[in-house]
Amino acid sequence: IMQMILARRQDVYVILGTGQGKTLVWQVPVHLENEVKKEVVTVFLSPLRALTRQVKDQLATTSIPCIVTNKVRRANEIVGGVWIISYEDLRSSNIQRVLDELAHADRLARIVIDEAHLVLDREWRWALCNIQYAAMLAVPLIVLTASLPPCMVAQLDDVMQKAPRCTAQSSDSHVPGAATFATAQSR
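Per the numbering used here, the sequence shown starts with residue 121, numbered consecutively.
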């Protein structure tokens, strides 16, 4: 999975239980890229402030630069590393413009969508058009969830208007760390 993420040719859906390694799946490639190409940015979309703080604290223990703000005005304000954006802040036309600038400058490596199953929940539907915007950028998505039943991956894809490229899922939710991988077509 990490090799697919580093290759940046396909979307990756990661369905693993809590504590089974979703964070490592996207952070290890970011760390490896940051050692070589420091100007590359990974955007991490988070639905909750608590998750934003958790990711920021995790990245603070690494050499990966991290920015958590909705006040970025130009792509050159982001040196590299990880830019954490809330689902809500993604609706800002300014943030969308900066994402476009990063993508067009080939500096946007990927977009990580945490807790992606939430967009299927009525209470979170307001976030859907924001997520759809991110999904339309010409960069791979890393879609993370612990609680999406594998049979609903296609439904998530439909609402995000994307075709699945790769899916990693826990083969047995009662066995920590157990995973099976199925791949589909590349970008």
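Ideal placement from N, C-alpha and C gives every residue a C-beta, glycine not left out.
In the DSSP assignment, the beta strand (DSSP E) including Ser84 goes from what residue to what residue? The first residue shown for the chain is 121 and the last is 307, placing residue 84 beyond what the model contains.
Can you give the Cα-Cα distance for Met272 and Trp244, rounded to whole angstroms? 16 Å
Leu228 burial status per 10 Å Cβ neighbour count (16 or more: buried): buried
Sorted by chain position, which residues of the same chain lie with C-beta nearer than 6 Å to Thr138's C-beta, five sequence neighbours on each side aside? So the qualifying residues of the chain are Ala266.
Inspect the beta-carbon positions of Leu210 and Leu165 and report whether they are closer than 8 Å. Contact annotation: Leu210 and Leu165 have beta-carbon atoms nearer than 8 Å.
On the criterion of 16 or more Cβ atoms from any shown chain inside 10 Å, does Leu276 qualify as buried, or is it exposed? With 16 or more other Cβ atoms within 10 Å, it is buried.
Who are the near neighbours of Ile251 in its chain, counting only those whose CB is closer than 8 Å to its CB and skipping five residues on each side? Leu165, Tyr207, Leu210, Ile233, Ala236, Val239, Met280
Report the rounded CA-to-CA distance for Ala170 versus Glu221, giving the unit in angstroms. So the alpha carbons of these two residues sit roughly 28 Å apart.
Val145 beta carbon less than 8 Å from that of Val134: yes
Val199 and Ala223 look like a contact to me (Cβ under 8 Å); what is the Cβ gap, rounded to whole Å? 17 Å between Cβ atoms; not a contact.
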